[in-house]
Amino acid sequence: MSGVQVVPQELPINRDLLNPQFEGYKLSLEEIKIKEIKMPGPGVLEVKLADDQFSYQQIRAFSQINSLVSDPWNKGAVYWITTDLQIMGFNEGVDSITGASILAQIPKRLGDPAQVKEFHVGLSFPDASHAIVADGAGRLLQAHTPHRSTMPQEPWTVEPIDYSGSESAIMVATTTWKQADSDVFEVILLTIEETVAVNRDSSSSHKEFQTVLEWLTIKRGKENSWIVDRTRVLNGKTVPNYVAIEAGGKALLLSGESPFEFVSDTAKAVDVSNEAMDVESVPEVSEAVQPVYTWKQTAEHITAQFEAPSGLTAQQLHFSLTTTTIQLVHDSGKVLLEGSLFGLVDTDQSSFTVDNNKVQVVLRKSMPERWMEVVLNDARGREVFSDEELAAVAERFAGITSDKWVTQQDVNMTNPEQLEECDYLPEDTACWIRLDGESHRTTHKIDISGHQFLFSATLDPHELPAICLRHDVDGILLRPTESNNSAEPAATHVGTFSALGYVMASKRDKKFASCAPNMSFAALCDGDRNVYVYRNDAPIDSVLLNRKTAKVVKTIAKQYVLSLEKVGRIVGFAVSDASVFVLKPDALLVATL
């Protein structure tokens, strides 16, 4: 591993896509037509948590299940699973008159129906002519789905995949690519596993739950059957908000509040030392180990000092410095300093000297900011403070500190019920990372701490799904860039929904959220009857003049509130460029905007 660390990138905000003059959404009184699509046969398959599924991870994973699956390759097409394990579909462009149709039958689960547990059945479309099904019984199926954009659709041809896994596995991502003119499918399954951990301070143990991602590579076998050719397993602590597979199965992209790491790979061994590559890990330093160097700082300078052997000269050291990196190496190959600097420096006013058996490096800061370390992720240095600095810090905190221990009577607990939902932020470790599928290493990381996850959406089926995060009050859409070069940006800012972050924070009962593939509007719904649509640039028929700026206003931001008369829980939600689809246990509702 050689201790290589990935430098976290900042959110790639494109200021040209932000609207600081946004004044809010105008409630539209336009009547939105809502059509109820008849559902032949039984209702929608609903799966509830079992009695033994009580952990936070299991509840969170279950809450993310959307029973209505949109087809990114055919805009306006949606699919769902019935209680009889039938796959039903509806295309608003061709099925408006005939209604929904039955496309395939998933093989029944084995055993006594009264005793067989029901788990979520997953459906995903890796390309325009195939589908992958996780049947909720630990099996995977591949379906050939020709002419999904036409009506009536041809019946799907369902083939089993030679795989047996966890019944409770949830399919979270799929993709496909060609190898010698043969289809190869990449599938990610998520499961929550219970483990036993031993307490550090005693011999007792306790139960823990961990999130497991199983990355399957599926190919045609020798007998022309579908087999799992490769299996990679990753472990993490929490359920990720976003999972995607890069084209060609090259890498895995994850967003969440804890890191994931490879633990096994059937194609090659996983180097356990790769944990050092994890962008969230920092090398531990024993208190008994003396630091290699000490350093101090002022508003203008950073000064690092090394103890040097007698007879060392400046000619024996090789010094290289840029505005962002430093390298100080001895002729023997011993590294004194090497890597990315914490901040920017002025190279013309920075230098190093060798005097009295000490090597001193002086760096001139480009900006008067406080540094937390000299070289990123280098724990060999120790910052030292002068007596004057320590006295100044003590004086600054004199009014809020004490030399007496806090007693139980002095504790004033904060009531979390007094906090608004918008006050809750992700954990400090929240990040968006790219994990290379061959090296098992993290190549990119974007720090998204403090930016709430809003939703993810597929804007273009040929591109990776975009993720929408809260930035200030807005919702910004970021799309990953497919690159193995850690120096290149990990994502691109492609769109903005003004004030959407603020709006969604106020919707405490929000269940699903998404946006149109053309980014013309965002939509969200609660768990029962209300749908909210936010369009940034809705055209207007009349001519309006802004009195403040004297400019002609051609578009305004509109909010649509749809109240569904159909009773029942909302179990699925999808959005196309022109419609919003809401799935209830016995009906599909289509609102055309």
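Per UniProt numbering, the very first residue in the sequence shown carries number 1; after that it's consecutive.
Just so it is clear, CB atoms sit at the ideal spot from N, CA and C, and this is done for glycine as well.
Let me make sure I understand the geometry here. Which of the options has the alpha-carbon closest to that of residue i?
i, options, result
"Ile65", "Thr313, Ile81, Lys75", "Ile81"
"Ser63", "Val580, Val571, Val590, Gln349", "Val571"
"Ser486", "Asp474, Arg479, Lys445", "Lys445"
"Pro368", "Glu300, Gly527, Val187", "Glu300"
"Lys584", "Thr592, Ala578, Lys548, Asn530", "Asn530"
"Lys35", "Ser576, Glu565, Asp577", "Glu565"
"Val47", "Arg569, Thr195, Val582", "Arg569"
"Gln315", "Pro309, Thr323, His330, Phe306", "His330"
"Glu92", "Thr150, Val359, Phe397", "Thr150"
"Ser309", "Glu31, Val354, Phe119", "Looking at the sequence shown, residue 309 is not Ser but Pro. When only C-alpha atoms are compared, the closest one is Val354."
"Phe520", "Leu253, Ile218, Tyr534", "The amino acid at residue 520 is misidentified as Phe; the sequence shows Ser. Of Leu253, Ile218, Tyr534, the residue nearest in Cα terms is Tyr534."
"Met171", "Asp229, Trp226, Tyr242", "Tyr242"
"Ala557", "Val503, Gly89, Leu27, Ala398", "Leu27"
"Thr549", "Gln21, Leu141, Gln210", "Gln21"
"Leu254", "Ser563, Asp541, Pro465, Asn518", "Pro465"
"Ala516", "Pro539, Leu562, Val335, Asp577", "Asp577"
"Phe119", "Gly76, Glu167, Gly89", "Glu167"
"Asp378", "Ala394, Lys33, Lys268, Leu336", "Leu336"
"Ile540", "Arg15, Val6, Asp16, Glu30", "Glu30"
Just checking my contact of residue i with residue j at CB under 8 Å: how many whole Å lie between their CB atoms?
i, j, result
"Asn484", "Asp436", "6 Å"
"Leu103", "Ala574", "So it is not a contact: roughly 17 Å between Cβ atoms."
"Phe352", "Leu328", "7 Å"
"Glu214", "Gly249", "With 8 Å as the limit, Glu214 and Gly249 do not qualify as a contact, their Cβ atoms being about 14 Å apart."
"Arg547", "Ala490", "That belief does not hold up - the Cβ atoms of Arg547 and Ala490 are roughly 43 Å apart, past 8 Å."
"Val228", "Tyr163", "5 Å"
"Asn235", "Glu261", "6 Å"
"Glu482", "Ala247", "6 Å"
"Ala267", "Arg230", "5 Å"
From the DSSP output, which residues share a beta bridge with residue i?
i, result
"Leu321", "Ile326"
"Asp346", "Arg364"
"Gly136", "For Gly136, which the question treats as bridged, DSSP gives no partner whatsoever."
"Gly236", "Thr211"
"Gln9", "Ile446"
"Pro539", "Thr555"
"Val561", "Tyr532"
"Asn91", "Ala77"
"Val180", "As written in the sequence, residue 180 is Ala, which differs from the Val given in the question. BP columns for Ala180 are empty, so no partner."
Output the distance between the C-alpha atoms of residue i and residue j, rounded to the nearest integer angstrom.
i, j, result
"Val496", "Ile476", "Reading the sequence as shown, one finds Thr at residue 496 and not Val. Taking the straight line joining both Cα atoms gives about 4 Å."
"Ala131", "Arg139", "14 Å"
"Lys38", "Val580", "16 Å"
"Ala100", "Pro42", "12 Å"
"Glu427", "Arg470", "Low confidence applies here, because Glu427 scores a pLDDT of 48, under 50, leaving its location unreliable; read the following figure in that light. The alpha-carbon atoms of Glu427 and Arg470 are separated by roughly 14 Å."
"Met277", "Pro480", "With a pLDDT of 41 at Met277, under the threshold of 50, the modelled position of this residue cannot be trusted; read the value that follows with caution. Their backbone Cα atoms lie some 21 Å apart in a straight line."
"Trp295", "Ser350", "15 Å"
"Ile326", "Thr443", "21 Å"
"residue 596", "Cys468", "With the chain running from 1 to 593 in the structure shown, residue 596 is simply not present."
"Val473", "Tyr560", "19 Å"
"Thr322", "Val187", "43 Å"
"Pro160", "Leu11", "42 Å"
"Ala134", "Leu500", "34 Å"
"Leu545", "Glu23", "15 Å"
"Arg109", "Val121", "11 Å"
"Glu193", "Ser55", "10 Å"
"Val244", "Ala251", "This sequence places Ala at residue 244; Val is not what is there. Cα to Cα, Ala244 sits roughly 9 Å from Ala251."
"Lys219", "Trp226", "6 Å"
"Phe90", "Ile32", "20 Å"
"Pro240", "Leu123", "19 Å"
"Gln86", "Arg60", "26 Å"
Tell me which same chain residues have a C-beta within less than 7 Å of the C-beta of residue i, skipping the five on either side of it?
i, result
"Asp543", "Note on identity: in this sequence residue 543 is Val, with Asp being the wrong assignment. Excluding positions up to five away in sequence, the list reads Val552."
"Trp371", "Gln297, Ile302, Phe342, Gly343"
"Pro155", "Leu103, Ala104"
"Pro461", "Pro72, Trp73"
"Glu388", "none"
Ignore the nearest five residues each way along the sequence and tell me which others in residue i's own chain have a CB closer than 6 Å to its CB.
i, result
"Asp537", "Thr555"
"Leu524", "Lys510, Ala513, Tyr532"
"Val289", "Low confidence applies here, because Val289 scores a pLDDT of 45, under 50, leaving its location unreliable; read the following figure in that light. Nothing listed; no residue qualifies."
"Arg148", "Asn74"
"residue 671", "Outside the displayed range of the chain (1 to 593) lies residue 671, so it cannot be described from this structure."
"Asp84", "Pro42"
Take residue i and list the residues in its own chain whose beta-carbon comes closer than 8 Å to its own, dropping the five residues that flank it on each side.
i, result
"Ser286", "Summary for Ser286: the model assigns pLDDT 41, below 50, so the residue's position carries little reliability, and this model does not support an answer."
"Ile13", "His471, Ile476, His493"
"Glu463", "Arg479"
"Thr176", "Pro126, Asp127, His130, Asp183, Val184, Phe185, Glu186"
"Asp586", "Met39, Gly43, Val44, Gly568"
Less than 7 Å between the CB of residue i and some heavy atom of the ligand COA, yes or no?
i, result
"Tyr502", "As for the ligand COA, it is missing from this structure, which has no ligand bound."
If we cut at 8 Å on Cβ distances, does residue i have a partner in chain D?
i, result
"Ile467", "The structure shown contains no chain D; it is built from a single protein chain."
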